[in-house]
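Student: First, the structure itself, so that you have it in front of you.
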Amino acid sequence: MPEEVIPMSSLYDLLKRITRELPGCRLASVVNYETGMPLLALSVGDPIDTSGADAYHSDLYRVVAHALGELDYTQSPQGFVLTGREAIFVSLPLADTGFFWHIVTERATTIGFTQVVMRKHAANVQAGVQELLQAS
Numbered sequence: 087m088p089e090e091v092i093p094m095s096s097l098y099d100l101l102k103r104i105t106r107e108l109p110g111c112r113l114a115s116v117v118n119y120e121t122g123m124p125l126l127a128l129s130v131g132d133p134i135d136t137s138g139a140d141a142y143h144s145d146l147y148r149v150v151a152h153a154l155g156e157l158d159y160t161q162s163p164q165g166f167v168l169t170g171r172e173a174i175f176v177s178l179p180l181a182d183t184g185f186f187w188h189i190v191t192e193r194a195t196t197i198g199f200t201q202v203v204m205r206k207h208a209a210n211v212q213a214g215v216q217e218l219l220q221a222s
């Protein structure tokens, strides 16, 4: 059963809570599809270094969307999972916002667990982004 959608006054507080829920979380961000710029990012590393991961995922969304169009598919990418020797990168689109959210964890945190936590909080993250966009 999906978690009840509770209006979040602070997207920052929500991402902070999610990073505490995910063991080994290294990065949690909300990123613009077009520019690759984060609306908000929390990381344990250098923000300049972690912004590269956000920009790379933004490129993935654009390139795969273009490829799907060339193949006559009308759908857009539904998310990405990339694995490395030390980290796992998971991103999911936030419908009707122009943003996706991106989580990077240490390899010991399973992909499935990360996806469950992301799905659990997806409606609240989306509501938080929409709240910020309406305020600006």
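Each number in the numbering used here comes from the position in the sequence shown (counting from 1) with 86 added on.
Ideal Cβ placement from N, Cα and C applies to all residues, glycine included.
Going by DSSP, which residues form a beta bridge with Asn118?
Tutor: According to DSSP, Asn118 bridges with Phe185.
Student: Report the CB separation of Met226 from Val176 in whole angstroms; it is logged as a contact under 8 Å.
Tutor: Since the first residue of the chain shown is 87 and the last is 222, residue 226 is not available in this structure.
Student: Going residue by residue through the stretch 129–171, where are the continuous beta strand (DSSP E) segments of at least 3 residues, counting only ones entirely within it?
Tutor: Those beta strand (DSSP E) runs which fall completely within the stretch 129–171 and span 3+ residues are 166–169.
Student: Output needed for Leu113: all residues of its chain with C-beta closer than 6 Å, excluding positions within five of it in sequence on either side, in chain order.
Tutor: Ser129, Thr136 and Val190, listed in sequence order.
Student: Here's a check: name, in chain order, each residue in its chain whose Cβ is nearer than 8 Å to the Cβ of Gly170, leaving out the five neighbours to either side.
Tutor: Result list for Gly170: Arg193, in chain order.
Student: Quick test of your reading: Phe186 and His152, contact by CB under 8 Å. State the CB separation rounded to the nearest angstrom.
Tutor: Wrong, their Cβ atoms sit about 16 Å apart, outside the cutoff.
Student: Tell me the residue span of the beta strand (DSSP E) that contains Ala209.
Tutor: Premise fails: Ala209 lies in the alpha helix (DSSP H), Ile197 to Ala221, not in any beta strand (DSSP E).
Student: Measure the alpha-carbon distance for Val149 versus Gln216 and round it to whole angstroms.
Tutor: Distance between the alpha carbons of Val149 and Gln216: 25 Å.
Student: Give the DSSP bridge partners of Ile104, in chain order.
Tutor: Answer by DSSP bridge pairing: none, since Ile104 is not bridged.
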